[in-house]
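> Sharing a structure, written as structure tokens. Questions coming.
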Amino acid sequence: MFRFMNDYFGDRYKFFMRADDDVFVNVERLKSFLESLNSSESIYIGQTGVGNKEEFGQLNLDSHDNFCMGGPGVIISHKSLAKIASNIKYCLQNLYSTHEDVEIGRCLRRFARISCTW
0 MFRFMNDYFG
10 DRYKFFMRAD
20 DDVFVNVERL
30 KSFLESLNSS
40 ESIYIGQTGV
50 GNKEEFGQLN
60 LDSHDNFCMG
70 GPGVIISHKS
80 LAKIASNIKY
90 CLQNLYSTHE
100 DVEIGRCLRR
110 FARISCTW
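Structure representation (structure tokens):
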């Protein structure tokens, strides 16, 4: 998905959003917020997570690591998209969990040097 988005849309859009099908988006407010950001920077925005207490220690996260939880929605800049797309094969071959949102965060931390911000 990330490689496809980057190959076909990476140069056409400044930001990309991944969200579950039950997420409500106030498009005008989101647009206004995104216009205040520099899309040339590596950006990874969403609701931060570190896993629940049952998974503590099982996600292979360091104490300072986090990820953007997939359910509420995640926004990445085109620069972040390019970083994850060009390294997605490595990331898929080196999974530490079955949680997509955790692994996307891990891949962005490794290759874009960013963590989830809110």
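No gaps in the numbering here: position 108 of the sequence shown is 107 in numbering that gives the first Met the number 0, and each next residue is one more.
Cβ atoms here follow ideal geometry from the backbone N, Cα and C, with glycine treated the same way.
Beta-carbon within less than 8 Å of Gly9's beta-carbon, same chain only, minus the 5 sequence neighbours each way: which residues are those?
Here residue 9 refers to the residue found at position 10 when the sequence shown is read from its first residue. In chain order, His77, Leu80, Ala81, Ala84 place their CB closer than 8 Å to the CB of Gly9, counting only its own chain and leaving out the 5 sequence neighbours on each side.
> For the putative contact between Gly21 and Gly69, defined by C-beta atoms under 8 Å, what is the C-beta separation to the nearest angstrom?
To locate residue 21, count along the sequence shown from 1; it is residue 22. To locate residue 69, count along the sequence shown from 1; it is residue 70. The sequence shown places Asp at residue 21, not Gly. Asp21 to Gly69, Cβ: 12 Å. No contact.
> Tell me the rounded alpha-carbon separation between Arg2 and Arg108.
The sequence position of residue 2 within the sequence shown is 3, counting from 1. The sequence position of residue 108 within the sequence shown is 109, counting from 1. Rounded to whole angstroms, Arg2 to Arg108 spans 17 Å at the Cα level.
> According to DSSP, simplified to helix, strand and coil, what is Val73?
The residue labelled residue 73 in the question sits at position 74 within the sequence shown. DSSP places Val73 in strand when its eight states are reduced to three.
> From Gly48 to Asn93, what does the alpha carbon distance come to, in whole angstroms?
What you label residue 48 is simply residue 49 of the sequence shown in a count that begins at 1. What you label residue 93 is simply residue 94 of the sequence shown in a count that begins at 1. Computed Cα separation, rounded: 20 Å.
> Compare the Cα-Cα distances from Asn59 to each of Asn37, Gln46, Ala111, Gly104 and report the closest residue.
Taking the first residue of the sequence shown as position 1, residue 59 is located at position 60. Out of Asn37, Gln46, Ala111, Gly104, Gly104 has the C-alpha closest to the C-alpha of Asn59.
> Counting along the chain, where does the alpha helix (DSSP H) carrying Gly122 start and finish?
This structure cannot speak to residue 122, because the chain is shown only from 0 to 117.
> When DSSP builds the beta bridges, which residues end up paired with Phe14?
Position 15 of the sequence shown, counting from 1, holds the residue named residue 14. In the DSSP output, where bridge partners are listed per residue, Phe14 has Ser76.
> With distances taken from CA atoms, which of Cys115, Ser96, Glu27, Tyr7 is nearest Ile75?
As a first step, residue 75 is located in the sequence shown; it is residue number 76 there, counting from the start. Minimum Cα distance to Ile75 is reached at Cys115.
> Strictly by DSSP, which residues pair up with Ile44?
Taking the sequence shown and counting its residues from 1, the one referred to as residue 44 is at position 45. The partner list for Ile44 (beta bridge, DSSP) reads Ile74, Thr116.
> Label Phe23 either buried or exposed according to how many other C-beta atoms from any shown protein chain fall within 10 Å of its C-beta, with 16 as the threshold for buried.
Position 24 of the sequence shown, counting from 1, holds the residue named residue 23. Under this definition Phe23 is an exposed residue.
> Counting C-beta neighbours from all protein chains within 10 Å, is the total for Phe14 16 or more, i.e. buried, or is it exposed?
For the purposes of this step, residue 14 is identified with residue 15 of the sequence shown, where counting begins at 1. By the neighbour-count rule (16 or more Cβ atoms within 10 Å), Phe14 is buried.
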